[in-house]
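K.L.:
Encoded as structure tokens, here's the structure I'll be asking about.
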Amino acid sequence: MATPGETLQLFCDAMLAGLARWLRAAGYDVGLAPVSAMDRAILDLCRAQSRILVTRDRHLATHAGTGLRVVLLRANGLDGQAAELTAALCIDWTCAPFTRCLLDNTPLHRATPEELTRVPPRARDLPGPFRACPACGRVYWPGSHVRRMQARLLRWRACDWPGPGE
Ligand SMILES: [Zn+2]
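Residues in the sequence shown are numbered from 35 upward in steps of one, following our numbering.
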């Protein structure tokens with residue numbers, strides 16, 4: 035069975051760059067609009083790639099037209115945005131943690147011996163996994179930063195979010 039992270043493809047507007055990063059950390063396939071992106075380009079891309087548009091831009095949402103699913107968020111803060119999105123799309127915040135690059139959305143692979151040389155010596159004894167991004171070369175390991183992010187993802191998963199329409 036496919037995980038939600040494999041089936042749900044999202045696209046965030048530039049105002050939601052922080053949320054996009056957290057969705058990628060959870061394992062979701064999330065495109066992110068550049069700050070300069072035109073509304074039409076965003077909508078065309080979502081339609082072409084069958085992505086759900088996640089936006090805080092009411093104007094953009096009302097111009098989406100038919101054939102495009104849009105989730106309009108109202109919250110300013112990250113926790114509130116996560117709550118709204120979870121209610122709308124049943125997000126599983128721990129579906130495939132740290133399997134995508136937070137910066138460019140590329141699926142990570144197991145770090146090669148050469149890539150492992152970029153891990154700081156103090157982190158090399160960690161149990162792993164050590165993963166790397168084939169696009170930008172960034173290496174990910176379960177250091178304190180990743181562990182703090184994982185704790186927040188777990189907290190979001192454990193939350194009793196309100197369901198749609200409640
Ligand atoms: Zn990358």
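By construction, the Cβ of each residue, glycine as well, lies at the ideal position given by its N, Cα and C atoms.
1. Can you determine whether any heavy atom of ligand 1 sits closer than 7 Å to the C-beta of residue 169, and answer yes or no?
2. In chain order, what residues of the same chain have a beta carbon less than 8 Å from the beta carbon of residue 84, not counting five sequence neighbours either side?
3. Check whether the Cβ atoms of residue 157 and residue 175 lie closer than 8 Å to each other.
4. Check residue 91 in the structure and name its three-state DSSP category.
5. Please report the straight-line C-alpha distance between residue 181 and residue 93, rounded to a whole angstrom.
6. Relative to the C-alpha of residue 138, which residue among 66, 53 and 78 is closest?
7. When the Cβ atoms of the segment 122-140 are set against those of the segment 47-62, are three or more pairs found closer than 8 Å?
8. Using only alpha-carbon positions, find the residue among 100, 54 and 150 that is nearest to residue 113.
9. Can you say whether residue 142 is buried or exposed, counting buried as having 16 or more other CB atoms within 10 angstroms of its CB?
10. Bridge partners for residue 206 per DSSP, in chain order?
11. Residue 99 to residue 80, Cα distance in whole Å?
12. Does DSSP put residue 80 in a helix, in a strand, or in coil?
13. How about residue 145 and residue 173: do their beta carbons lie closer than 8 Å?
14. Thinking just about the alpha-carbon of each residue, which of 89, 134, 149 and 151 is nearest to the one in residue 118?
15. Once you ignore the five residues that flank residue 140 on each side, which residues in its own chain have a CB closer than 8 Å to its CB?
16. First and last residue of the alpha helix (DSSP H) that includes residue 180?
17. Alpha carbon to alpha carbon, how far is residue 190 from residue 153? Give it in angstroms, no decimals.
P.N.:
If we stick to the structure as given:
1. yes
2. 43
3. yes
4. coil
5. 37 Å
6. Selected option, being the one with the closest Cα: 66.
7. Yes: the two stretches touch, three or more of their Cβ pairs being nearer than 8 Å.
8. Checked all of 100, 54 and 150; the closest Cα to residue 113 is 54.
9. That one is buried.
10. There is no way to answer for residue 206, as the model of the chain reaches only from 35 to 200.
11. 12 Å
12. helix
13. In this structure, residue 173 lies closer than 8 Å to residue 145 by Cβ.
14. Here the closest residue by C-alpha is 89.
15. 134, 167, 168, 169 and 170
16. 178-192
17. 29 Å
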